[in-house]
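A.B. asks: Sharing a structure here in structure tokens format.
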Amino acid sequence: MVAVRSSGAATREGEHMKDDHTKQPEQTKAQRRSSQLSTVQQATQPPGPQLTDNLGHAISDDQNSLRAGVRGPSLLEDFLLREKISHFDHERIPERVVHARGAGAHGTFQVYDDSLAEFTVAKVLTDPSRQTPVFVRFSTVAGSRGSADTARDVRGFAVKFYTEEGNWDLVGNNIPPFFIQDAIKFPDLIHSVKPEPHREIPQAASAHDTFYDFVSLTPETMHMLMWVMSDRAIPRSFANMEGFGVHTFRLINAQGQSHFVKFHWKPLAGLHSLVWDEAQELAGRDPDFHRRNMWDSIELGQPLEWELGLQIFSEAQAAAFDFDVLDATKLIPEALVPVKRVGKMTLDRNPDNYFSETEQVAFMPTNLVPGMDFSDDPLLQGRLFSYLDTQISRLGTPNWTELPINRSLAPVANHQRDGQMRRTVNPGRVAYHPNSLGGGQPAEVPADKGGFVSYPEAMEGTKIRQRAESFADHYGQAQLFWNSMSPVEKMHIVRAQQFELGKVETRDIRLKMIDHLRRINAVLGDQVAAALGELDVAGPLPTDAELMKLLAGATTPTTASGGLQRDAALSMVEHNTAPPSIQGRKVAILAADGVRIADIEAMKAALEAQGALAEVVGTHLGQLKGEGGSAPVDKTVLTTPSVVYDAVYLPGGAASLKTLGTLGDAVRFVAQAYKHGKPLAASADAAALLKQAGVPLGAEQGVFELSKASTDDFLNGLAQHRFWNRSGDLVPA
Ligand code: HDD
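Structural data, given as structure tokens:
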């Protein structure tokens with residue numbers, strides 16, 4: 059045995075061991091090999107930073123812990139081992155209690171002109187010469203940090219603007235109303251939707267008893283529940299979502315006048331969603347589907363883009379509505395107050411490090427800039443407390459504002475001092491205000507020089523715990539939303555609610571929910587009741603196509619909606635104002651050996667010319683040998699299902715198509731694409747495979763046989779996204 063060496067010499071001693079292993083009789087062959095390996099690596103490595111511990115000491119051997127003899131126990135003095143393991147042990151910070159699963163990106167925001175100057179002094183909204191850096195984090199609400207991206211859930215849409223006047227955080231969602239009216243109910247709402255506490259099941263899903271127990275007893279949730287059951291809750295990508303600031307805020311102009319405002323983000327890529335079956339499959343096959351899509355788009359040089367939209371209205375207008383603008387369970391229909399598009403946000407840079415940026419970013423609705431202010435919305439008022447509190451808990455210190463991702467670009471100067479992990483070194487003896495010893499610095503900033511001043515809203519009232527009467531209508535806007543849906547969107551809501559309540563085990567809760575749904579719309583309620591066995595119906599339940607017909611005229615007279623019976627802006631189908639485009643869409647070219655290579659090349663060229671991405675999904679990796687050459691394979695049917703693509707193309711080549719027909723994975727690939735409403739293109743000789751997958755030909759239904767239809771027809775079909783008019787239940791015959 060080698061004697062325990064005195065500290066410090068140990069690693070340098072190790073260096074000697076490599077130089078002359080004859081001095082160390084106990085060194086094994088294996089150890090010599092590992093030492094040689096590291097010497098070889100060092101010799102072949104390009105010049106770069108050297109490996110050190112956290113205090114800058116260079117490390118000679120990162121492969122072996124320090125031992126008493128090559129087969130002996132590890133030594134406590136091994137400071138390198140202890141530092142490395144100890145740091146690892148502390149790598150995790152508490153995940154967010156809500157919105158734990160998220161992905162972020164950097165970008166910029168710029169207003170188009172100064173037309174908002176009559177409403178606000180905020181430079182970020184009025185100075186078109188400024189490009190304000192932003193960091194945006196998208197998230198789901200209910201799931202843990204490792205849950206799947208495609209869960210049915212509201213998506214967080216949190217934007218941090220690093221303005222020259224300090225940070226402005228617009229901490230919104232992709233759904234404009236919220237579940238509850240008062241922040242005091244937030245912990246209850248979240249406890250109910252999170253996995254049930256006794257067995258921590260189910261993960262990232264609202265389809266369980268405690269959630270429906272809570273919402274069935276809390277009718278104010280009904281409006282948002284309709285949104286969460288709609289296609290909005292299963293977006294195709296982050297780039298295909300709208301964003302909403304949810305609450306009513308204030309804009310304050312140079313004269314100190316206030317206007318109310320609601321913030322919107324309008325996606326330039328248009329609004330698109332997944333279908334539920336696809337979302338569930340993706341949760342297993344690619345749980346990172348959304349974050350991967352955003353990452354890949356940015357890496358491909360296809361930024362994500364939104365326009366910022368504002369609904370600006372006066373207090374007098376607000377007072378005239380038959381709903382309360384301070385009630386976050388209500389939206390303001392765009393038909394009542396149009397959305398003015400004022401600027402554009404572009405996300406074009408991926409983070410360098412997920413933890414340092416996306417995990418440590420800390421948003422707070424309290425982060426406003428001069429020219430903006432809060433409203434008295436009791437949900438917002440509670441949020442104003444919650445976020446700072448949560449950041450201190452999550453990041454462990456009030457000095458989280460010094461982290462690079464959270465730091466303001468505007469200079470920070472005040473008398474706050476010390477605390478854990480303080481980075482700033484404040485010189486001098488003065489840490490208080492007022493002071494004379496420090497020349498009175500840093501000094502307060504008057505309002506006309508850019509100091510933040512709260513809007514002097516007149517206040518009076520009795521101290522009371524009570525909801526305002528003006529918050530009392532819980533069904534009107536749920537009905538407005540329902541009425542505004544196209545038949546396919548209504549069908550999806552019915553199916554979603556049948557699914558969710560079908561998973562609720564307590565009958566009494568299901569019955570309460572049917573009652574709520576019937577109030578929103580009788581046909582909706584009845585169709586859900588029928589699926590739950592609570593309504594006697596003659597014959598089988600309607601197919602998707604039959605249901606769409608049944609629902610087309612199913613509307614309910616609304617209240618609390620400003621006199622509107624419907625608002626087209628609420629429908630994803632009708633509100634898709636973006637021009638049809640295939641930019642960013644991903645198409646699978648499904649093929650095996652024997653494929654006609656010219657078909658692959660022609661389709662690839664056509665797709666790439668319009669900014670779409672084509673991937674060859676083969677039966678093996680490497681090259682497909684085919685008619686007229688070979689083609690590289692990107693993915694295989696074993697690893698990659700059609701749910702990760704927007705469309706499928708079957709190129710010609712008899713041998714290729716025959717092989718595909720013998721593979722269950724390949725047939726399923728085609729059948730699923732059809733079931734999910736996706737366009738398919740096929741060469742004439744693919745007819746047998748299509749038949750095998752139960753896919754009927756027909757351009758109106760998005761199945762393009764390329765001897766009859768053109769590639770352009772297929773590309774137009776791709777721009778249309780989905781074909782909802784397929785007969786039956788989108789189930790292959
Ligand atoms: Fe919240 C995170 C959005 C109500 C308390 N919230 C959080 C995030 C978003 C929202 C996007 C994630 C931010 C990020 O990406 O880091 N929250 C909303 C919206 C709400 C809302 C749009 C309603 C209009 N939230 C709400 C209420 C409370 C909270 C009523 C508490 C009273 N939210 C939090 C929180 C979180 C949070 C516990 C967890 C992590 C964090 O703040 O940074 O403070």
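With the sequence shown counted from 1, adding 58 to any position gets you the working numbering. Just so you know, even glycine gets a beta-carbon here, dropped at the ideal spot from N, CA and C. Computed from a prediction, not measured in an experiment: that's the story for all the values here.
(1) Tell me Q369's beta-bridge partners as DSSP assigns them.
(2) Below 6 Å CB to CB, which residues in the same chain sit around V503 once its five sequence neighbours on both sides are set aside?
(3) Excluding sequence positions up to five away, which residues of its chain have a Cβ less than 6 Å from the Cβ of M543?
(4) Based on DSSP bridge pairs, tell me the residues matched to T190.
(5) Just the Cα atoms here: how many angstroms apart are A612 and I551?
(6) Keeping to the same chain, check which residues put their C-beta closer than 8 Å to that of D78; ignore five residues upstream and five downstream.
(7) How would you label Y490, buried or exposed, when you count the other beta carbons within 10 angstroms and need 16 or more for buried?
(8) Please say whether M403 and T178 have beta carbons closer to each other than 8 Å?
(9) With a threshold of 7 Å (Cβ to nearest heavy atom), would H157 be considered close to the ligand HDD?
(10) Is F432 a contact residue of the ligand NAP, with contact defined as CB to any heavy atom under 7 Å?
(11) Whole-angstrom Cβ separation of A742 and E763, contact assumed at under 8 Å?
(12) Between D207 and H348, which are expected to be in contact by the criterion C-beta below 8 Å, what is the C-beta distance as a whole number of angstroms?
(13) Between the alpha carbons of A262 and M282, how many angstroms are there, rounded?
(14) Within the segment 198 to 231, note down every full beta strand (DSSP E) run reaching 3 residues or more, in order along the chain.
(15) Would you call the segment 421 to 429 in contact with the segment 122 to 141, where contact means no fewer than 3 C-beta pairs closer than 8 Å?
(16) Whole angstroms is fine: what's the gap from A767's alpha carbon to A216's?
(17) By Cβ distance below 6 Å, which residues in the same chain neighbour H305 in space, the five residues on each side in sequence not counted?
(18) At the level of alpha carbons, what is the spacing between Q556 and G597?
(19) Can you round the beta-carbon distance between F371 and G620 to whole angstroms, since I take them to be within the 8 Å contact cut?
(20) My guess is that V400 and L174 are in contact by the Cβ rule of under 8 Å, so how many angstroms apart are they, rounded?
(21) Pick helix, strand or coil for W364, following the three-state DSSP scheme.
(22) Below 8 Å on the Cβ atoms is my guess for I647 versus A664; work out the distance and round it to an integer in Å.
(23) Could you name each continuous alpha helix (DSSP H) segment of 4 residues or more that falls completely within the segment 460 to 545, going from the start of the chain to the end?
(24) Is Q585 buried or exposed, if buried means 16 or more other CB atoms sit within 10 Å of its CB?
(25) Where in the segment 676 to 701 do unbroken runs of the beta strand (DSSP E), each at least 3 residues long, occur, reported from the N-terminal end onward?
(26) Taking 7 Å as the cut-off, is the C-beta of A420 nearer than that to any heavy atom in the ligand HDD?
(27) Terminal residues of the continuous alpha helix (DSSP H) containing A705?
(28) Helix, strand or coil for A739 per DSSP?
(29) Does the segment 140 to 155 come within contact of the segment 182 to 195, defined as at least 3 CB pairs closer than 8 Å?
(30) Could you tell me the distance, in whole angstroms, from the CA atom of V128 to the CA atom of E149?
(31) In the segment 298 to 355, which residue ranges form an unbroken alpha helix (DSSP H) of at least 4 residues, counting only runs that do not cross its ends?
(32) Indicate the three-state DSSP secondary structure (helix, strand or coil) for P83 in the structure shown.
(33) Taking the Cβ atom as the reference point for each residue, do G795 and D657 lie within a distance shorter than 8 Å?
(34) What residue from E666, G583, G752, E659 has the CA that sits closest to G686's CA?
(35) Are the beta-carbon atoms belonging to V691 and G669 less than 8 Å from one another?
(36) If we ignore side chains and look at the alpha-carbon of each, how far apart do A587 and I572 end up?
C.D. replies: If we stick to the structure as given:
(1) What you label residue 369 is simply residue 311 of the sequence shown in a count that begins at 1. Per DSSP, K320.
(2) Counting from 1 along the sequence shown, the entry for residue 503 is found at position 445. For V503, where only same-chain residues beyond five positions count, the Cβ hits under 6 Å are G509.
(3) Taking the sequence shown and counting its residues from 1, one reaches residue 543 at position 485. Result list for M543: S629, in chain order.
(4) On the sequence shown, residue 190 is found 132 positions in, with the first residue counted as 1. F167, per the DSSP bridge assignment.
(5) Your numbering for residue 612 matches position 554 in the sequence shown. Your numbering for residue 551 matches position 493 in the sequence shown. Rounded to the nearest angstrom, the two C-alpha atoms are 13 Å apart.
(6) Reading the sequence shown from its first residue, position 20 is the one you call residue 78. Since pLDDT at D78 reaches only 38, below the 50 mark, its modelled position is unreliable, and the value read off the structure follows with that caveat. Nothing listed; no residue qualifies.
(7) In the sequence shown, residue 490 corresponds to position 432, counting from 1. So Y490 ends up on the exposed side.
(8) Translated into positions along the sequence shown, residue 178 becomes position 120. Translated into positions along the sequence shown, residue 403 becomes position 345. Not closer than 8 Å, so no.
(9) Sequence index remark: in the sequence shown, residue 157 carries index 99 (1-based). Yes, since a heavy atom of the ligand HDD falls inside the 7 Å radius drawn around the Cβ of H157.
(10) The ligand NAP is absent from the structure shown, which contains only the ligand HDD.
(11) For this step, residue 742 is matched to residue 684 along the sequence shown. For this step, residue 763 is matched to residue 705 along the sequence shown. Yes, they are in contact, since the Cβ atoms of A742 and E763 sit about 6 Å apart, within 8 Å.
(12) Within the sequence shown, numbered from 1, the residue matching residue 207 stands at position 149. Within the sequence shown, numbered from 1, the residue matching residue 348 stands at position 290. The Cβ separation is near 4 Å, so the contact holds.
(13) Locating residue 262 in the sequence shown gives position 204, where the first residue counts as 1. Locating residue 282 in the sequence shown gives position 224, where the first residue counts as 1. Spanning the two alpha carbons is a distance of roughly 17 Å.
(14) 213 to 221, 224 to 231
(15) no
(16) Locating residue 767 in the sequence shown gives position 709, where the first residue counts as 1. Locating residue 216 in the sequence shown gives position 158, where the first residue counts as 1. Cα-Cα distance, rounded: 44 Å.
(17) The count along the sequence shown starts at 1 and reaches residue 305 at position 247. So the list reads A386, D435, L438, once near-sequence residues are dropped.
(18) The count along the sequence shown starts at 1 and reaches residue 556 at position 498. The count along the sequence shown starts at 1 and reaches residue 597 at position 539. About 18 Å.
(19) Start at 1 with the first residue of the sequence shown, and residue 371 comes out as number 313. Start at 1 with the first residue of the sequence shown, and residue 620 comes out as number 562. About 11 Å; that fails the 8 Å criterion.
(20) Numbered from its first residue, the sequence shown carries residue 400 at position 342. Numbered from its first residue, the sequence shown carries residue 174 at position 116. 6 Å between Cβ atoms; contact.
(21) For this step, residue 364 is matched to residue 306 along the sequence shown. In the structure shown, W364 sits in a strand (DSSP, three-state: E or B).
(22) By 1-based counting over the sequence shown, the position of residue 647 is 589. By 1-based counting over the sequence shown, the position of residue 664 is 606. 11 Å between Cβ atoms; not a contact.
(23) 534 to 542
(24) Stepping through the sequence shown from its first residue, residue 585 is reached at position 527. The residue is buried, with at least 16 neighbouring Cβ atoms inside 10 Å.
(25) 681 to 684, 687 to 690
(26) In the sequence shown, the residue the question calls residue 420 occupies position 362. Under cutoff, so the answer is yes.
(27) For the purposes of this step, residue 705 is identified with residue 647 of the sequence shown, where counting begins at 1. From DSSP, A705 is part of no alpha helix (DSSP H) but of the beta strand (DSSP E) over 705 to 708.
(28) Here residue 739 refers to the residue found at position 681 of the sequence shown. Strand.
(29) no
(30) Locating residue 128 in the sequence shown gives position 70, where the first residue counts as 1. Locating residue 149 in the sequence shown gives position 91, where the first residue counts as 1. Distance between the alpha carbons of V128 and E149 is about 30 Å.
(31) 334 to 343
(32) To locate residue 83, count along the sequence shown from 1; it is residue 25. Annotation note: pLDDT 46 at P83 (below 50); position unreliable, coordinate value reported separately. DSSP places P83 in coil when its eight states are reduced to three.
(33) Since the first residue of the chain shown is 59 and the last is 791, residue 795 is not available in this structure.
(34) Position 628 of the sequence shown, counted from the first residue, corresponds to residue 686. Considering only alpha carbons, the answer is E659.
(35) By one-based count along the sequence shown, residue 691 stands at place 633. By one-based count along the sequence shown, residue 669 stands at place 611. No; because the gap between Cβ atoms is not below 8 Å, this pair is not in contact.
(36) Your numbering for residue 587 matches position 529 in the sequence shown. Your numbering for residue 572 matches position 514 in the sequence shown. When rounded, the distance between both Cα atoms is 6 Å.
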